[in-house]
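Quick notes on the structure that follows.
In the working numbering, the protein residues as written are 227 to 544.
Put into structure tokens, the structure is as follows:
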């Protein structure tokens with residue numbers, strides 16, 4: 227899975243990675259590795275069509291992905307890192323375990339299933355332990371924890387905003403697992419989010435009642451460009467009453483690269499949220515006092531975009 231691939235490369239083990247999934251696209255070197263999975267769901271479908279196909283496929287077949295057993299066998303892996311956290315996001319643990327029994331190298335199957343930020347850090351340490359890179363893993367985690375603590379100190383006295391993080395648009399899903407925790411650390415409050423629990427579908431009337439100050443759309447598995455193709459779902463007169471929409475505090479982020487991946491870049495996600503929630507405060511002095519700066523104020527458009535629903539087709543980067 228993509229997060230495991232990123233962890234392995236962060237530990238300096240890229241040359242020992244023999245295969246990846248079809249979704250492993252970072253670092254760029256991962257794209258050169260053999261791919262042993264494929265999805266049964268076309269990414270060209272709309273959000274609501276994908277949601278329908280996912281539910282249908284899981285009910286009828288129990289999996290959304292196919293493993294190339296023959297290729298995997300020929301590569302003779304010693305360890306397969308997989309997950310049991312979400313059957314929608316990756317090949318299920320049970321399926322991987324069954325396949326591993328048929329492979330001549332008899333690889334160890336390791337389940338990485340973090341629910342929280344600390345769980346992600348523990349996964350990095352576990353991968354380091356299993357691969358003989360515990361010292362490097364400790365260094366990576368210490369650096370990430372230092373960045374988290376820096377954000378915590380910066381935001382602890384700032385005004386907290388009501389935040390809604392949407393993991394899917396049609397139907398709408400509020401975010402779960404580590405996302406509400408990141409929101410808190412970044413200086414926000416996500417009352418609809420499910421901290422350390424799976425994301426869940428939410429009704430639009432619940433969102434109206436909540437009336438968030440900020441909306442962050444972080445569709446699972448979607449880039450910003452892909453998410454913007456679905457943004458018309460929010461162009462609803464009913465939603466124009468939301469404070470976030472009226473005040474142009476609607477943001478689209480790269481859910482696939484950052485928020486959906488429990489790996490080293492999860493702290494980038496925290497820093498992105500901090501920028502979104504407190505752009506003005508951070509611009510006027512707080513970041514300037516840090517050596518080095520916490521993060522660049524201007525992110526490329528492929529990381530975060532501000533969306534103005536009241537001006538058709540107008541998007542800008544922060």
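Backbone N, C-alpha and C define an ideal beta-carbon position, used for all residues, glycine too.
DSSP three-state assignment for residue i, whether helix, strand or coil
i: residue 338; result: coil
i: residue 259; result: coil
i: residue 206; result: No answer is possible for residue 206: it lies beyond the span of the chain, which begins at 227 and ends at 544.
i: residue 484; result: helix
i: residue 379; result: helix
i: residue 426; result: strand
i: residue 421; result: strand
i: residue 266; result: coil
i: residue 517; result: Summary for residue 517: the model assigns pLDDT 35, below 50, so the residue's position carries little reliability; its value from the coordinates is reported in the next sentence. Note: residue 517 maps to coil in three-state DSSP.
i: residue 432; result: helix
i: residue 317; result: coil
i: residue 329; result: coil
i: residue 468; result: coil
i: residue 454; result: helix
i: residue 230; result: helix
i: residue 499; result: helix
i: residue 236; result: helix
i: residue 511; result: Because residue 511 carries a pLDDT of 39, less than 50, the predicted location of this residue cannot be relied on, and the following value inherits that uncertainty. In the structure shown, residue 511 sits in a helix (DSSP, three-state: H, G or I).
i: residue 523; result: Caution applies to residue 523, whose pLDDT of 40 falls short of 50 and renders its modelled position unreliable; the value that the coordinates give is listed next. Of the three classes helix, strand and coil, the one that applies to residue 523 here is coil, per DSSP.
Member of the options whose CA lies at the smallest distance from the CA of residue i
i: residue 429; options: 385, 423, 464 and 413; result: 464
i: residue 446; options: 479, 343 and 432; result: 479
i: residue 451; options: 302, 257, 258 and 269; result: 269
i: residue 267; options: 283, 253, 255 and 252; result: 283
i: residue 473; options: 532, 457 and 449; result: 532
i: residue 477; options: 326, 449 and 488; result: 449
i: residue 453; options: 403, 530 and 378; result: 530
i: residue 338; options: 264, 462, 458 and 305; result: 305
i: residue 247; options: 271, 322 and 285; result: 322
i: residue 230; options: 320, 352, 258 and 296; result: 352
i: residue 432; options: 424, 336 and 418; result: 418
i: residue 462; options: 488, 489, 434 and 486; result: 434
i: residue 318; options: 400, 291 and 379; result: 291
i: residue 385; options: 410, 368 and 355; result: 410
i: residue 488; options: 302, 459, 507 and 402; result: 402
i: residue 456; options: 362, 380 and 271; result: 271
i: residue 506; options: 256, 475 and 363; result: 475
i: residue 253; options: 300, 470, 285 and 232; result: 232
i: residue 427; options: 400, 259 and 458; result: 400
i: residue 486; options: 297, 302 and 408; result: 408
i: residue 302; options: 320, 470, 260 and 364; result: 260
Residue(s) in a DSSP beta bridge with residue i
i: residue 168; result: Residue 168 lies beyond the residue range present for the chain, which begins at 227 and ends at 544; the question has no answer from this structure.
i: residue 414; result: 387
i: residue 282; result: In the DSSP output, where bridge partners are listed per residue, residue 282 has none listed.
i: residue 443; result: 392 and 478
i: residue 242; result: Paired residue(s): none; residue 242 is not in a bridge.
i: residue 305; result: 334
i: residue 504; result: BP columns for residue 504 are empty, so no partner.
i: residue 292; result: 264
Cβ separation of residue i and residue j, assumed to be a contact under 8 Å, to the nearest whole Å
i: residue 499; j: residue 366; result: Not quite, the Cβ-Cβ distance comes to about 21 Å (not below 8 Å), so this is no contact.
i: residue 308; j: residue 227; result: 6 Å
i: residue 293; j: residue 262; result: 6 Å
i: residue 483; j: residue 491; result: 7 Å
i: residue 273; j: residue 395; result: 5 Å
i: residue 421; j: residue 406; result: 4 Å
i: residue 497; j: residue 444; result: About 14 Å; that fails the 8 Å criterion.
i: residue 347; j: residue 371; result: 7 Å
i: residue 326; j: residue 336; result: Between residue 336 and residue 326 the Cβ distance is about 10 Å, and since that is not below 8 Å, they are no contact.
i: residue 373; j: residue 493; result: 5 Å
Cβ-heavy atom distance, residue i to the ligand ZN, below 6 Å
i: residue 381; result: As far as ligands go, the structure on display features none, and thus does not contain the ligand ZN.
Residue-chain proximity (residue i, chain B), Cβ-Cβ < 7 Å
i: residue 237; result: In the displayed structure, chain B is absent; only one protein chain is listed.
Decide yes or no for the touch test of the segment 389-399 against the segment 422-439: beta carbon pairs closer than 8 Å, at least 3 of them. Three or more Cβ pairs closer than 8 Å define a contact, and the segment 389-399 meets that threshold against the segment 422-439.
Validate contact between the segment 340-350 and the segment 323-332 using beta carbons, cut 8 Å, 3 pairs: no
Inspect the CB distances between the segment 273-281 and the segment 242-249 and report whether three or more fall short of 8 Å. Too few Cβ pairs lie closer than 8 Å, so no.
Cβ contact (3+ pairs, closer than 8 Å) linking the segment 407-422 and the segment 488-505: Yes: at least three Cβ pairs fall under 8 Å.
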